Amino acid sequence: MTTTLEYHTATLLNSGKVLITGGYSASSPTAACEIFDPSTSQWTTTASMATARYFHTATLLNSGEVLVTGGFPQAPSTATCELYDPSTSLWTTTANMTTVVYSHTATLLNSSKVLVTAGDTGSSPTAACEIYDPST
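First residue of the sequence shown? That's 7 in the numbering used here, and the numbers climb one at a time after it.
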């Protein structure tokens, strides 16, 4: 990696490469992203997310895109979501969640939807659950 990080995500892409998103670097959250190619052991930078964040989730969708949800950018935590398209190396923002959350989970369901569950709102833990539908 080109940057020392903690609280980031690492997502295996369909290509076999690994997308690293966000995290906490030095003294602040970052929007920077990198890709690791295990076949060459090389790191490359890719487009940054719109929102710097850590304690977020990154979920590989059936389309090959990666959905990033929530996280902690600075106080307060965020409800923003972004999609990364490995074929274009670009991020697009998508609909926000209704709950501001970090330290949550996000699980790809058999229906191709993503279940985002629980976490912390910045002021207290939450049991909130939301469904992200990539087709809408």
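Positions of the beta carbon are idealized from the N, C-alpha and C atoms, including for glycine.
A quick note: this is a predicted structure, and the numbers were derived from the prediction, not measured.
Exercise for review: Would you give the residue range spanned by the beta strand (DSSP E) that Thr113 belongs to?
Suggested key: The continuous beta strand (DSSP E) containing Thr113 extends over residues Thr111 to Leu114.
**Study point:** DSSP-derived helix/strand/coil call for Ala16
**Key:** For Ala16, the secondary structure class from DSSP, reduced to helix, strand or coil, is strand.
**Study point:** Presumed contact (8 angstroms Cβ cut-off) between Leu121 and Ile137, rounded CB distance
**Key:** The Cβ separation is near 6 angstroms, so the contact holds.
Review point. Could you check where the beta strand (DSSP E) with Gln48 kicks off and where it finishes?
Key: If you look at Gln48, you'll find it in the beta strand (DSSP E) that goes Gln48 to Thr52.
Check your understanding: For Tyr13, which of Ser83, Ser21, His62 and Leu67 has the nearest alpha-carbon?
Key -> Considering only alpha carbons, the answer is His62.
Exercise for review: Could you tell me the boundaries of the beta strand (DSSP E) in which Ala98 lies?
Suggested key: The sequence given here places Thr at residue 98; Ala does not occur at that position. For Thr98, the enclosing beta strand (DSSP E) starts and ends at Leu96 to Thr100.
Practice item. Could you check the C-alpha separation between Ser148 and Thr46 for me, to the nearest Å? Key: This structure leaves residue 148 out entirely; the chain is present only between 7 and 142.
**Study point:** Through-space distance from Ser83 to Asp91, alpha-carbon basis
**Key:** Cα to Cα, the separation comes out at about 24 angstroms.
Check your understanding: Can you tell which of His110, Leu19 and Cys135 has its C-alpha closest to the C-alpha of Asp126?
Key -> Here the closest residue by C-alpha is His110.
Point to revise | From Gln80, Leu89, Asn116 and Pro131, residue whose alpha carbon lies closest to that of Thr105 | key: Per the Cα distances, Pro131.
**Study point:** Inter-residue Cα distance where the pair is Ala16 and Phe42
**Key:** A direct Cα-Cα distance of roughly 9 angstroms separates Ala16 from Phe42.
**Study point:** Nonlocal neighbours in the same chain, by C-beta distance under 6 angstroms from Leu19, ignoring five residues either side
**Key:** Excluding sequence neighbours, Leu19 sits near Leu25 and Pro92.
**Study point:** Residue range of the unbroken beta strand (DSSP E) whose run includes Asp126
**Key:** Asp126 -> no beta strand (DSSP E), and no H or E assigned at all.
Point to revise | C-alpha gap between Trp49 and Ala85, whole angstroms | key: The straight-line gap from Cα to Cα measures roughly 29 angstroms.
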